[in-house]
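**Student:** Dropping the structure in here first, questions after.
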Amino acid sequence: MIWRSIITLFSKDISIELRTRETLSVQATMSLILGVICSIGAHSAMLSPSEILTVFPILIWFTFLFSSALAVAKGFEYEKDNDAITGIILTGVDPSLIYLSKVTATLFTTILGHILALIVFSLLLNIGILPYIVPFLAVSILCAIGYCSISCLLTPVALSSRLRGAMLPLISLPLMFPILFSAVETTIEIFIDHTFSWSSVWVSILLIFDVIYLTAGINLFEKVVKE
Amino acid sequence: MDLKKIFWNNTALSRSFENISLLVVFFLVAYANYMVFLAVPNERIMGPVQRIFYFHVGCAVATYMAVAFLFFASLGYLTTRSALMDILGESATEIALVFCSIVMATGMIWGKAAWNTAFRWEPRLVSFLILLVILVAIVVLRRFGNPQKTPLNSAVMGILAAINVPIVVFSVKLLPASSQLHPQVVQNRGLRDPLFVKAMIIGIIAMCCFQLILLWIRVRLGLAESQLDELETEKLVN
Chain A
1463 MIWRSIITLF SKDISIELRT RETLSVQATM SLILGVICSI GAHSAMLSPS EILTVFPILI
1523 WFTFLFSSAL AVAKGFEYEK DNDAITGIIL TGVDPSLIYL SKVTATLFTT ILGHILALIV
1583 FSLLLNIGIL PYIVPFLAVS ILCAIGYCSI SCLLTPVALS SRLRGAMLPL ISLPLMFPIL
1643 FSAVETTIEI FIDHTFSWSS VWVSILLIFD VIYLTAGINL FEKVVKE
Chain B
490 MDLKKIFWNN TALSRSFENI SLLVVFFLVA YANYMVFLAV PNERIMGPVQ RIFYFHVGCA
550 VATYMAVAFL FFASLGYLTT RSALMDILGE SATEIALVFC SIVMATGMIW GKAAWNTAFR
610 WEPRLVSFLI LLVILVAIVV LRRFGNPQKT PLNSAVMGIL AAINVPIVVF SVKLLPASSQ
670 LHPQVVQNRG LRDPLFVKAM IIGIIAMCCF QLILLWIRVR LGLAESQLDE LETEKLVN
């Protein structure tokens, strides 16, 4: 029953997305633009390949944050504008399931945008990503889970404020710092130091924050959307 | 038991309690200053700049205390929807922000003397910086949020901020010793002179009491503001 509700709500979000393609377009365009700007900057500064590799972890996560922040806010705007969230709550579905389906749908678009950014960076900055793709994608999914958990909880909060979408990065990014630091450090381990291990401290921190934020979201989402 | 009345009633008892508390805090802070600047000898390696440590540690403990108040006030608001809990949460956020800023400022002054740079990539420094930014985010949310939903939204943010603190503090301990630059004075038994220990304890007690009295005054101010709002609304209705 729980899974059926989550899958139904998830397919609703995905079919809206496939019909409008708005969130994915925003995310993809933003990833492309940021990727191009960073690449032009790196080449203008005449950075050597090793120096480019050194700055790559922060560039890729910076791009992830910017493009995802826009995409998450966009994804929620439909619910807010048409007050669709009230309609879903009135069907009697547990709000925590609505939250979980939102996190899953956002995770889906976020990861797609992140993969696109990775391809752009690898092509324009000439970084060989194929040997490291599996650990990097796993870390990206862990980071995206934390990001989507906190963003899906705070987007209704941000949209109800006077600043609307502009409020989301202001309140979600400070809470994202630990996850972002861990993601950057893990990317350094993967691409530069080649010392990545699944038992690394940074992976543990990512996992801890994912669990904490997801649990907080499941418990607090109802209070945020119901009133 | 009406907590609002206990806090707000401007009786002779509450006024004398507040005056006595203010007096006690004044003498505690004065005594802490005497201990730090006149009684404690210079530290052998760092010299006079080490004296900032006593305020730095005291303010750090006071920050954690204010964040604990923020957590319980946020939980209290979510369960009871009491206006007092909202005011306590707002006050605790502001007080925590003030003390957190003092910790960062004193840490930077010490860092400039010890490391020749105000800020370094060090887990404990970064953890406090994260806390500072989260507290600023809550203040921004209160300032620009939807007035009807601000108490609820701030309570949610307050809980998220407060659960971050122990995890970030614990995460710092998980990191390898090579990345830790922050002095572990107490753990490494660095306070050899008994006067150092005494000054640190007095500093912590003084700053915590100072934080408590500031919180008390800010809560009373918040209650006065809400009463004024109520009166203005009544006046508009009539």
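Chains as they are written, first to last, in our numbering: chain A, 1463 to 1689; chain B, 490 to 727.
Cβ coordinates follow ideal geometry from the N, Cα and C atoms, glycine included.
These numbers were taken from a predicted model, which means no experiment stands behind them.
Find the nearest neighbour of residue 635/B within the set 1613/A, 1618/A and 1599/A, judged by alpha-carbon distance.
**Tutor:** Out of 1613/A, 1618/A and 1599/A, 1618/A has the C-alpha closest to the C-alpha of residue 635/B.
**Student:** For a test of the three-state rule: what should DSSP assign to residue 611/B, helix, strand or coil?
**Tutor:** Here residue 611/B sits in coil by DSSP.
**Student:** Just checking: is the beta-carbon of residue 1685/A within a distance shorter than 8 Å of some beta-carbon in chain B?
**Tutor:** So, interface residue.
**Student:** How should residue 637/B be labelled, buried or exposed, when 16 other C-beta atoms within 10 angstroms of its C-beta is the threshold for buried?
**Tutor:** The residue is exposed, with fewer than 16 neighbouring Cβ atoms inside 10 Å.
**Student:** Between the Cα of residue 1487/A and those of 1517/A, 1524/A, 1562/A and 1574/A, spot the shortest distance and give me the residue it belongs to.
**Tutor:** If we check each option's Cα against that of residue 1487/A, 1574/A comes out closest.
**Student:** Flag residue 1558/A as yes if its beta-carbon sits less than 8 Å from any beta-carbon of chain B, otherwise no.
**Tutor:** No, residue 1558/A does not count as interfacial toward chain B.
**Student:** When DSSP labels each residue in this structure, what does residue 547/B get in the three-state scheme?
**Tutor:** Residue state, collapsed to three classes: helix.
**Student:** 8 Å is my cut-off, CB to CB: does residue 1629/A come that close to chain B?
**Tutor:** At least one chain B Cβ lies under 8 Å of residue 1629/A.
**Student:** Using the C-alpha atoms, what's the distance from residue 1476/A back to residue 1554/A?
**Tutor:** Cα to Cα, residue 1554/A sits roughly 21 Å from residue 1476/A.
**Student:** Quick one, which of 1584/A, 1621/A, 1501/A and 1608/A has its alpha-carbon nearest residue 1667/A's?
**Tutor:** Nearest C-alpha to residue 1667/A: 1608/A.
**Student:** Would residue 638/B count as contacting chain A if we go by Cβ distances under 8 Å?
**Tutor:** Output row for residue 638/B: interface = yes.
**Student:** Taking the C-alpha atoms as reference points, what is the distance between residue 1468/A and residue 1559/A?
**Tutor:** Residue 1468/A and residue 1559/A: Cα-Cα distance of roughly 6 Å.
**Student:** So, for residue 1688/A: in the same chain, excluding its five sequence neighbours on each side, which residues have a beta-carbon less than 8 Å away from its beta-carbon?
**Tutor:** Only 1551 and 1557 meet the Cβ criterion.
**Student:** Cα separation between residue 698/B and residue 705/B?
**Tutor:** Their Cα atoms are separated by approximately 10 Å.
**Student:** Closer than 7 Å by beta-carbon distance: list the chain A residues that pair up with residue 626/B, in chain order.
**Tutor:** In chain order: 1632, 1633 and 1636.
**Student:** Skipping 5 residues on each side, what residues in its chain have a beta carbon closer than 6 Å to that of residue 1652/A?
**Tutor:** So the qualifying residues of the chain are 1594, 1597, 1598 and 1658.
**Student:** Could one say the Cβ of residue 1674/A lies closer than 8 Å to chain B's Cβ atoms, at least one of them?
**Tutor:** Closer than 8 Å: yes.
**Student:** Quick one: any contact between the segment 526–535 of chain B and the segment 609–629 of chain B, if contact means 3 or more CB pairs under 8 Å?
**Tutor:** Verdict: no, contact absent.
**Student:** Taking C-alpha atoms, which residue in 590/B, 712/B and 585/B lies nearest to residue 554/B?
**Tutor:** Answer by Cα proximity: 585/B.
**Student:** Might you give, ordered along the chain, the residues of its own chain that have their beta carbon closer than 8 Å to the beta carbon of residue 651/B, omitting 5 neighbours on each side?
**Tutor:** Result list for residue 651/B: 556, 557, 559, 560 and 563, in chain order.
**Student:** What's the gap between the Cα of residue 1520/A and the Cα of residue 615/B?
**Tutor:** Straight-line Cα distance between these residues: approximately 16 Å.
**Student:** Is the beta carbon of residue 1601/A sitting closer than 8 Å to the one on residue 1645/A?
**Tutor:** Yes. Within cutoff.
**Student:** Give a yes or no on whether the minimum CB-CB distance between residue 741/B and chain A is below 8 Å.
**Tutor:** Outside the displayed span of chain B (490 to 727) sits residue 741/B, for which this structure offers no information.
**Student:** Quick check on this structure: which residue in 1473/A, 1578/A, 1512/A and 1527/A has the alpha carbon closest to the alpha carbon of residue 1491/A?
**Tutor:** Ranking 1473/A, 1578/A, 1512/A and 1527/A by Cα distance to residue 1491/A puts 1578/A first.
**Student:** Under 8 Å: do the segment 1581–1594 of chain A and the segment 1560–1567 of chain A share three or more Cβ pairs, one atom per stretch?
**Tutor:** Too few Cβ pairs lie closer than 8 Å, so no.
**Student:** What does residue 1661/A reach in chain B if we use C-beta pairs closer than 9 Å?
**Tutor:** Within chain B, no residue comes near residue 1661/A; the closest Cβ sits about 12 Å away, beyond 9 Å.
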